[in-house]
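Taken in order, these protein sequences are the chains called A and B. Using the working numbering, the letters of the first sequence map in sequence onto residues 295 to 510. Using the working numbering, the letters of the second sequence map in sequence onto residues 295 to 510. Note that CB positions come from ideal geometry on N, CA and C, so glycine has one too. All figures in this text were calculated on a predicted structure; none of them were measured in a lab. Working notes for the structure below.
There are 2 protein chains.
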Amino acid sequence: MRISELAEHSGVPLATVKYYLREGLLPPGRWVNARLAEYDAGHVARLRLLRTLREVGAVPVSRLRDLVGVTEDAGLSVHDVLAAAAAAIAPPAPPPGPLRDRARAAAAEVVDGAGWDGVGATSPDRENLAAALEVVMSSGALSGGPSALRPYVEAADTLGRLDVTSLDAEDPAALMEQMVVGQIVFGQILLVLRRLAEEHHSSVRFRDPPPPQPPR
Amino acid sequence: MRISELAEHSGVPLATVKYYLREGLLPPGRWVNARLAEYDAGHVARLRLLRTLREVGAVPVSRLRDLVGVTEDAGLSVHDVLAAAAAAIAPPAPPPGPLRDRARAAAAEVVDGAGWDGVGATSPDRENLAAALEVVMSSGALSGGPSALRPYVEAADTLGRLDVTSLDAEDPAALMEQMVVGQIVFGQILLVLRRLAEEHHSSVRFRDPPPPQPPR
DNA sequence: CCTCCGTAGTGAGTGACGCTATCCAGCAGT
DNA sequence: ACTGCTGGATAGCGTCACTCACTACGGAGG
């Protein structure tokens, strides 16, 4: 398959495919001669992965590069790959405010309280958690301590366990794709479902006339 | 309080405060004389809200405008405000692929199956759910039908109900802030917690030596 | 009264990002 | 030889979220 077919087959504009090649997000094709390169199904899959990350996960291109580096680094254990993927996916933490130190302590308390002793001490998501907790704390909520997060922690634990147990690929590229779908796409699904659930429950609680939808 | 104090007090650069004023995200100050305007605690709160939305939720400025419009539209019920906030927060759906129609059907099945009959027929999150499901379907997962989403739906239902029942402000501005914190910040918290849980469980499952952290 | 600092508002400019368009030399097929 | 495509390089574009510089004033100090 040549580059134009690759572009057409994946629905990505040719210029963008070239851009990804240039950026090293897509490995170069196999040279057939000095002016023709051959691309295969692996390239198609990679391209699909990249577009999913961009469109569903809004992952910036620089992070895509990190993720690609992870997939191509043989010798990483499954756990290393997943942790690296999480680190690449995690957004940069907002700049710290005055309560960040207290928020960091609360975050550590949450992680410990959940029993998540497999979380690395330097995981960037620790700081992300602290940043989010800082906002909650400064808005006055969470005054009863981190135990108010209990339902969230329990839900996260359940879903996280489920996601990990459902990983079953042995090919590193397929594993990577599974993890990405699991983390990015299912993460979005979770957010969307929660918003839908909120919409429903707020309708039940706050809408004066009960749902005016005629029975279908 | 004058504009420079407002900026200093909230930690936002003066030029950015002026930009937000220009964009209508921040209401103009009360004129003291032709060259001096007075800003109050409401402006500080609004500014904090805007920064939270930007930094934690990565909400684009154009969406902030929508949200501001919602807060200032008296006469909306609590449910309307929440639905409008959800619509403003929801990211734009990725362009549809070939499986989108099937994904839409699956999304409708999920919403119905969850019993969320309070969800509006035109809620943009329906399309977002379909877009995410399309990706999952095209990657081959979810072949057993939408029932594989059960744990996600249940978690979302639990958390969504919790979020709605914990709303208790009567002042519309405070209510808006509560909803924003609930949706954006707790949404991020949920994603972060899930990543941390995945990291822990993958450590338990995949890391050859069990967590090598010395007991503290 | 004059000088000078600070203020509110405005238009233009900046830098990052993610593409996209144009150009080029070179081969393949006719 | 000519056409049409290839891969690659370079430069440019449009959007976004600010950020800068400037203006015209108002008020305080001397």
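| query | Any contact of the stretch 380-392 of chain A with the stretch 410-418 of chain A, i.e. 3+ C-beta pairs under 8 Å? | reply | yes
| query | Who are the neighbours of Ser-433(B) on chain A, taking C-beta pairs under 7 Å? | reply | Within chain A, the residues near Ser-433(B) are Glu-471, Val-475.
| message | Under 8 Å, Cβ to Cβ, is there at least one residue of chain A near Glu-299(B)? | response | no
| query | Where in the stretch 367-426 of chain B do unbroken runs of the beta strand (DSSP E), each at least 3 residues long, occur, reported from the N-terminal end onward? | reply | Runs found: none.
| List, in order along the chain, the chain A residues whose C-beta lies closer than 9 Å to that of Ala-352(B)? | Ala-352, Pro-385
| message | So, at 6 Å on beta carbons, what are the nonlocal neighbours of Leu-393(A) in its own chain, with the 5 sequence-adjacent residues on each side left out? | response | Glu-428, Met-431, Ser-432
| task | Using a Cβ cut-off of 8 Å (strictly closer), state whether Gly-481(B) contacts chain A. | result | yes
| message | Please tell me whether Arg-499(A) has its Cβ less than 8 Å away from any Cβ of chain B. | response | yes
| field | Partner residues on chain B for Gly-362(A), Cβ-Cβ distance less than 9 Å | value | According to the sequence shown, residue 362(A) is Val rather than Gly. Simply none; closest approach about 18 Å.
| said: Helix, strand or coil for Val-306(A)? Go by DSSP, reduced to three states. | reply: coil
| task | Give me the Cβ distance between Arg-296(A) and Gly-481(B), rounded to the nearest whole Å; I'm assuming they're in contact under 8 Å. | result | Not really, about 43 Å apart at Cβ, beyond 8 Å.
| message | Check for me: the beta strand (DSSP E) holding Arg-345(B) runs from which residue to which? | response | Where Arg-345(B) is concerned, there is no enclosing beta strand (DSSP E), although the alpha helix (DSSP H) it sits in stretches over 335-349.
| task | Helix, strand or coil for Glu-464(A), going by three-state DSSP, please let me know. | result | DSSP places Glu-464(A) in coil when its eight states are reduced to three.
| Does any CB atom of chain A fall closer than 8 Å to the CB of Val-405(B)? | yes
| message | Tell me the DSSP secondary structure of Arg-329(B) in three-state form. | response | It is coil, neither helix nor strand.
| Going by beta carbon distance, what residues of the same chain come within less than 8 Å of Ala-442(A), once the five residues before and after it are set aside? | Ala-435, Leu-436
| task | Output the distance between the C-alpha atoms of Leu-319(A) and Val-326(A), rounded to the nearest integer angstrom. | result | 21 Å
| request: Return the first residue and the last residue of the alpha helix (DSSP H) that Pro-440(A) is part of. | output: Segment: none, Pro-440(A) is in no alpha helix (DSSP H) and carries neither H nor E.
| What whole-angstrom Cβ distance do Val-474(B) and Ala-426(A) have, given they're in contact under 8 Å? | Not a contact, Cβ separation roughly 13 Å.
| request: Determine the DSSP secondary structure at Arg-324(A), reduced to helix, strand or coil. | output: Correct three-state label for Arg-324(A): strand.
| request: Would you give the residue range spanned by the alpha helix (DSSP H) that Val-475(A) belongs to? | output: Element bounds for Val-475(A): n/a, residue is neither H nor E.
| request: At 7 Å on the CB atoms, spell out the chain B contacts of Ala-426(A), in chain order. | output: Val-350, Val-479, Gln-482, Ile-483, Val-486
| query | So what's Arg-296(A) in DSSP terms, helix, strand or just coil? | reply | coil
| task | Give the residues of chain A in contact with Trp-410(B), contact being defined as C-beta atoms less than 8 Å apart. | result | Neighbours of Trp-410(B) on chain A, chain order: Leu-490, Ala-491, Glu-493, His-494.
| field | Minimum Cβ-Cβ distance from Thr-310(B) to chain A less than 8 Å | value | Cβ-Cβ to chain A under 8 Å: no for Thr-310(B).
| request: Give the interface partners of Tyr-446(B) over in chain A, defined as CB-CB distance under 8 Å, in chain order. | output: Leu-453, Phe-480, Ile-483, Leu-484, Leu-487
| message | Mapping the DSSP letters down to three states, classify Gly-318(A) as helix, strand or coil. | response | coil
| field | Same chain, Cβ closer than 8 Å to Val-447(A), neighbours up to 5 away in sequence not counted | value | Val-404, Gly-407, Ala-408
| query | Beta carbon of Glu-317(A), beta carbon of Arg-359(A): below 8 Å? | reply | yes
| task | Using 10 angstroms around the beta-carbon of Arg-510(B), count the other beta-carbons present and answer buried if the total reaches 16, otherwise exposed. | result | With a pLDDT of 47 at Arg-510(B), under the threshold of 50, the predicted position of this residue should be treated as unreliable, though the coordinate-derived value follows. Exposed, since its Cβ has fewer than 16 Cβ neighbours within 10 Å.
| said: Less than 8 Å between CB atoms is the rule here; does Asn-327(B) satisfy it with respect to chain A? | reply: No - not a single Cβ of chain A is within 8 Å of the one on Asn-327(B).
| Does any residue of chain A bring its CB to less than 8 Å from the CB of Asp-419(B)? | yes
| When the cut-off is 8 Å and only beta carbons count, does Pro-307(A) lie next to chain B? | No, no contact with chain B.
| field | Residues in the stretch 335-347 of chain B having any Cβ partner in chain A nearer than 7 Å | value | Thr-346
| said: I need the straight-line Cα distance from Ser-496(B) to Leu-453(A), nearest angstrom please. | reply: 12 Å
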